[in-house]
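The listed protein sequences derive, respectively, from chains A and B. Each residue of the first sequence is one higher than the one before, starting from 1 at the first, in the working numbering. Each residue of the second sequence is one higher than the one before, starting from 1 at the first, in the working numbering. Ideal Cβ placement from N, Cα and C applies to all residues, glycine included. Computed from a prediction, not measured in an experiment: that's the story for all the values here. Read the structure below first, then the notes.
Number of protein chains: 2
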Amino acid sequence: MTDTAELAGELRLAVHRLTRRLRQENPPDDLTLSQISALAVVFREGSLTAGDLAAAEQVRPPSMTRMIAALETAGMVERTTNPADARQVMVSITERGRSTMETYIRLREQWLTEQLADLSGDELATLQRACDLLVRLAGR
Amino acid sequence: MTDTAELAGELRLAVHRLTRRLRQENPPDDLTLSQISALAVVFREGSLTAGDLAAAEQVRPPSMTRMIAALETAGMVERTTNPADARQVMVSITERGRSTMETYIRLREQWLTEQLADLSGDELATLQRACDLLVRLAGR
DNA sequence: TATTGTTATACTCTATAACTATA
DNA sequence: TATAGTTATAGAGTATAACAATA
Numbered sequence: 001m002t003d004t005a006e007l008a009g010e011l012r013l014a015v016h017r018l019t020r021r022l023r024q025e026n027p028p029d030d031l032t033l034s035q036i037s038a039l040a041v042v043f044r045e046g047s048l049t050a051g052d053l054a055a056a057e058q059v060r061p062p063s064m065t066r067m068i069a070a071l072e073t074a075g076m077v078e079r080t081t082n083p084a085d086a087r088q089v090m091v092s093i094t095e096r097g098r099s100t101m102e103t104y105i106r107l108r109e110q111w112l113t114e115q116l117a118d119l120s121g122d123e124l125a126t127l128q129r130a131c132d133l134l135v136r137l138a139g140r
Numbered sequence: 001m002t003d004t005a006e007l008a009g010e011l012r013l014a015v016h017r018l019t020r021r022l023r024q025e026n027p028p029d030d031l032t033l034s035q036i037s038a039l040a041v042v043f044r045e046g047s048l049t050a051g052d053l054a055a056a057e058q059v060r061p062p063s064m065t066r067m068i069a070a071l072e073t074a075g076m077v078e079r080t081t082n083p084a085d086a087r088q089v090m091v092s093i094t095e096r097g098r099s100t101m102e103t104y105i106r107l108r109e110q111w112l113t114e115q116l117a118d119l120s121g122d123e124l125a126t127l128q129r130a131c132d133l134l135v136r137l138a139g140r
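Structure below.
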């Protein structure tokens with residue numbers, strides 16, 4: 001039987017290490033990984049409020065304000081006030097943001113992709129199942 | 001067959017999410033997760049140089065200098081100059097550091113442990129195998 | 001009064017570049 | 001001259017508290 005406390009420690013360490021390693025690989029167009037992650041939501045979902053975007057990314061509103069400001073400065077998204085409720089800010093992707101995402105999807109996670117290419121089919125399947133589990137855990 | 005580029009994207013997202021979620025759970029004695037991680041190495045390995053500790057944790061020397069300073073302030077480790085080579089700083093765990101680690105190991109990763117308790121044996125086995133793979137990937 | 005978002009502030013984590021001390 | 005570590009500086013990523021605007 002598996003010792004869950006032991007596994008928790010190993011999992012935390014493993015995730016910590018990979019996060020550090022991934023940060024060393026530069027995403028395209030000088031966007032950070034967090035910015036890419038938020039932009040991907042706008043790309044997928046279309047126009048949505050700042051609050052919904054914060055919820056989707058599981059960050060606090062001030063953190064999302066920062067990310068949106070950075071993405072706006074980079075010309076990736078536009079902020080507009082919702083006419084139906086002037087408290088809300090609608091965030092939508094620009095042409096440039098769309099093309100950046102399309103390029104990014106094509107070259108996605110290049111470093112990680114290269115590393116994965118060395119793994120066996122079994123190992124890839126394990127990681128695939130693990131991804132779903134990690135996202136589930138993070139959503140608690 | 002698995003699309004490794006697709007999987008790379010999912011894996012990056014999953015790891016990102018879990019890192020953020022874990023950061024919300026407070027480690028004991030006001031130590032951060034990174035500090036606990038470094039302290040665990042000193043606890044396991046015994047006295048070692050700052051450089052070896054940086055290598056073990058896969059961070060740059062200045063980052064380790066910071067971590068060691070924080071751990072020293074918290075009374076968890078001691079820094080001493082190596083008499084055999086006065087350039088080197090030896091880092092060793094204090095009584096307080098040892099007892100903190102022992103408590104931590106006992107309560108380790110409580111939140112994560114609780115979440116894991118809800119998973120099936122199959123799912124735990126998947127995560128166990130995934131841990132080894134993630135650490136291997138991070139080590140490239 | 002409640003909700004949405006922003007600003008102000010602060011802390012962790014990490015890096016590169018430049019420096020000091022020792023070998 | 002080379003190595004070990006530190007200091008100075010900077011930037012990403014995030015949070016809480018206080019605030020303004022709108023409902």
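Bounds of the beta strand (DSSP E) holding residue 90 of chain A are 89-93. Look at residue 81 of chain B here: in three-state DSSP terms it is strand. Nearest C-alpha to residue 49 of chain A among A:19, A:22, A:77: A:77. The alpha-carbon of residue 28 of chain A is positioned some 42 angstroms away from that of residue 97 of chain B.
If you ignore the 5 residues before and after residue 30 of chain A, its C-beta comes within less than 8 angstroms of the C-beta of 74, all in its own chain and listed in chain order. Ranked by how close their Cα comes to the Cα of residue 53 of chain A, the residues A:71, A:127, A:69, A:38 have A:38 in first place. Among the residues facing chain A, residue 94 of chain B is not included, as its CB has no counterpart in that chain under 8 angstroms away.
Burial of residue 35 of chain A is indicated by the presence of at least 16 other C-beta atoms within 10 angstroms of its C-beta. Bounds of any alpha helix (DSSP H) do not take in residue 3 of chain A, whose DSSP letter is neither H nor E.
Proximity of residue 20 of chain B to chain A, defined by a Cβ-Cβ separation below 8 angstroms, is satisfied. One finds 13, 16 in chain A with Cβ atoms closer than 7 angstroms to the Cβ of residue 37 of chain B, taken in chain order. Residue 93 of chain A is positioned such that its CB atom lies closer than 8 angstroms to that of residue 42 of chain A. Proximity of residue 53 of chain A to chain B, defined by a Cβ-Cβ separation below 8 angstroms, is not satisfied. Proximity of residue 126 of chain B to chain A, defined by a Cβ-Cβ separation below 8 angstroms, is satisfied. The beta carbon of residue 75 of chain A does not come within 8 angstroms of any beta carbon belonging to chain B, so the residue lies off that interface. At the C-beta level, residue 15 of chain B and residue 19 of chain A come within 8 angstroms of one another. When secondary structure is reduced to three states using DSSP, residue 107 of chain B falls in the coil class, being assigned neither helix nor strand. Chain A has no Cβ within less than 8 angstroms of the Cβ of residue 78 of chain B.
Counting only Cβ-Cβ distances below 8 angstroms, residue 33 of chain B has contacts in chain A at 12, 16, in chain order. The same chain holds no residue with a CB closer than 7 angstroms to that of residue 69 of chain A once the five nearest residues on each side in sequence are set aside. Within the DSSP secondary-structure output, residue 127 of chain A pairs in no beta bridge. With 16 or more other Cβ atoms from the protein chains shown falling within 10 Å of its own Cβ, residue 40 of chain A counts as buried. When rounded, the separation of the alpha-carbon atoms in residue 84 of chain B and residue 47 of chain B is 14 angstroms. Residue state for residue 49 of chain B is assigned as strand, using DSSP reduced to three classes. Residue-level contact by beta carbon holds for residue 108 of chain A and chain B, with a gap shorter than 8 angstroms. Of the other Cβ atoms in all chains shown, 16 or more fall within 10 Å of the Cβ of residue 109 of chain A; this residue is therefore buried. Between residue 138 of chain B and residue 17 of chain A the beta-carbon gap is near 4 angstroms, inside 8 angstroms, which marks them as a contact. By the beta-carbon neighbour count (other beta carbons within 10 angstroms, threshold 16), residue 8 of chain A is buried.
Spanning the alpha carbons of residue 72 of chain B and residue 79 of chain B requires a straight line of approximately 8 angstroms. The three-state reading of DSSP puts residue 72 of chain B in helix, counting H, G and I together.
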